[in-house]
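To convert, take the position in the sequence shown, counting from 1, and add 24; that gives my numbering.
Even for Gly, the Cβ is constructed at its ideal location relative to N, Cα and C.
Scroll down for the structure; my scribbles are underneath it.
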Amino acid sequence: MGFIIFGVMLLIAAIALPKTVLSEFKTIVKAGVSVVLVALGVMMFFMTSYINVPDNTTAHLTRLYMGKSLPTGKVIAVDGEMGKQSKIVRQGFHFDFMVRVLNDVDYVNDVVIPPNKLGIVSARDGIPMPVGQTFADKISLDMILDADLFMKTGGQKGPQTTIIPPGTWPINQFLFEIKLADATEVEQGMVAVIKSNSESSINFGDVVVSSPESCEPVDNKMDENALSNRLVPVGCVGIWNDDLPPNRYYINPMVYKTTMVDTRQQAWEYQGDYHSRSVALTVDSKGDITQVPSGKDIERPATAKDGAIAIKIDGYTIYQNVRALIQI
């Protein structure tokens, strides 16, 4: 604001001085002084009308003057209202008349997502999600990078399904809150079973699936007497009928719960976890038989999958240690 006041004073002086203080000087002197004062006044205005944004930085603007008030409940201005603006200014030199007078300018570092990480996004403004919806509809990354586009084309307020992959991104951090999360690594010999909390198209890098046409459960029973969970097509809410093979995936852990399942052949042992009883028989010289019962608890080994298998034979419970080879 100081530059503007000083600039106005210089322009007034350029008009007034030749007619007052400099009235007795030659015309060329008065003209020269006026030109210098006008040039200095214009320079003062210019000093308030540009932004030079450093590399890997964006300028975030908060409108202070000459704008309408934001509607109740809104956080981000999209039509020049007072307050935090949807448009950010990217690196480089930019001219905008009196931009540094009308706005408070914050220089904010770009969002950096390191390798093997992803960015979880939440929007502080936008249209409300329908009742019962937990995560916003899937949108393109371009809408995250353009807050003005997000606000004007139906971006939803709240946790986003879309994530930000590794890289350096110029994002409006007045609108979007970004938190880091780990990428999902599916090792060799494993698959990832996905339980989704949102219905949407899928883009996990190597796995790309359009929005499902139907979310009717998939018939996955190999035997009508077999136990099974309700499975749904990929992209639907629920447990997906297709798993993810070994790879690295950028999966939003807030939306998708990942369970790793070992597909290698494994030996499952069922041992211990029962009370063993025995009877010692002795025969004396007269032929009399003496019974001495004893017992002890058989603990389950730490490596066992579960306790020994109980089998009923002639009313007696017999415990059998079992070793089974399993492959899923």
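Assigned secondary structure, residue i (DSSP; H/G/I helix, E/B strand, else coil)
{"i": "ASP308", "result": "coil"}
{"i": "LYS176", "result": "helix"}
{"i": "LEU255", "result": "strand"}
{"i": "ARG124", "result": "helix"}
{"i": "MET284", "result": "strand"}
{"i": "LEU61", "result": "With a pLDDT of only 48 at LEU61, under 50, the local geometry of the prediction cannot be trusted, and the value read off the model is given with reservation. Three-state DSSP puts LEU61 in a helix."}
{"i": "MET167", "result": "helix"}
{"i": "ASP297", "result": "coil"}
{"i": "ASN227", "result": "strand"}
{"i": "GLY107", "result": "strand"}
{"i": "LEU94", "result": "coil"}
{"i": "ILE112", "result": "strand"}
{"i": "ASN276", "result": "coil"}
{"i": "ALA101", "result": "strand"}
{"i": "ASP330", "result": "strand"}
{"i": "GLY156", "result": "coil"}
Close Cβ partners of residue i (< 7 Å) along its chain, the five nearest in sequence each way excluded
{"i": "ASN127", "result": "LEU85, THR86, ARG87 and LEU88"}
{"i": "MET214", "result": "PRO270, MET284, VAL285, ASP286 and THR287"}
{"i": "ILE342", "result": "ILE335"}
{"i": "PHE119", "result": "SER73 and TYR74"}
Pair within 8 Å by beta-carbon distance, residue i and residue j
{"i": "ILE275", "j": "VAL217", "result": "no"}
{"i": "TRP193", "j": "LEU173", "result": "no"}
{"i": "GLY182", "j": "ALA147", "result": "yes"}
{"i": "SER224", "j": "SER238", "result": "no"}
{"i": "PHE121", "j": "SER73", "result": "yes"}
{"i": "VAL279", "j": "ASN221", "result": "yes"}
{"i": "ASP79", "j": "GLN115", "result": "yes"}
{"i": "TYR131", "j": "VAL77", "result": "yes"}
{"i": "ILE333", "j": "GLN344", "result": "yes"}
{"i": "GLY339", "j": "ILE322", "result": "no"}
{"i": "PRO190", "j": "PRO154", "result": "no"}
{"i": "GLY179", "j": "GLY150", "result": "yes"}
{"i": "VAL233", "j": "VAL258", "result": "yes"}
{"i": "LEU199", "j": "ILE75", "result": "no"}
Proximal residues to residue i (C-beta, below 6 Å), its chain only, five neighbours per side dropped
{"i": "ILE195", "result": "VAL135"}
{"i": "ASP330", "result": "TYR294"}
{"i": "LYS203", "result": "ILE144"}
{"i": "LYS281", "result": "LYS219"}
{"i": "ILE112", "result": "THR82, HIS84 and ASN196"}
Range of the contiguous beta strand (DSSP E) that encloses residue i
{"i": "LEU85", "result": "81 to 87"}
{"i": "SER220", "result": "214 to 220"}
{"i": "ASN76", "result": "74 to 77"}
{"i": "ASN135", "result": "Sequence inspection shows Val at residue 135; the Asn mentioned does not correspond to that position. First-last of the beta strand (DSSP E) with VAL135: 135 to 137."}
{"i": "GLY150", "result": "Neither: GLY150 is in no beta strand (DSSP E) and is coded neither H nor E."}
{"i": "VAL316", "result": "313 to 322"}
{"i": "PHE200", "result": "200 to 206"}
{"i": "ARG347", "result": "346 to 350"}
{"i": "PHE117", "result": "116 to 119"}
{"i": "PRO183", "result": "182 to 188"}
Spatial neighbours of residue i in its chain, beta-carbon cut-off 8 Å, leaving aside the 5 residues before and after
{"i": "GLN315", "result": "VAL303, ALA304 and LEU305"}
{"i": "ARG254", "result": "PRO241, GLY262 and ILE263"}
{"i": "CYS260", "result": "SER220, GLU223, PRO236 and CYS239"}
{"i": "ASP267", "result": "VAL215, ALA216, VAL217, ILE218 and VAL285"}
Interface flag, residue i vs chain B, CB-CB below 8 Å
{"i": "TYR89", "result": "The question asks about chain B, but that chain is absent: this structure has only one protein chain."}
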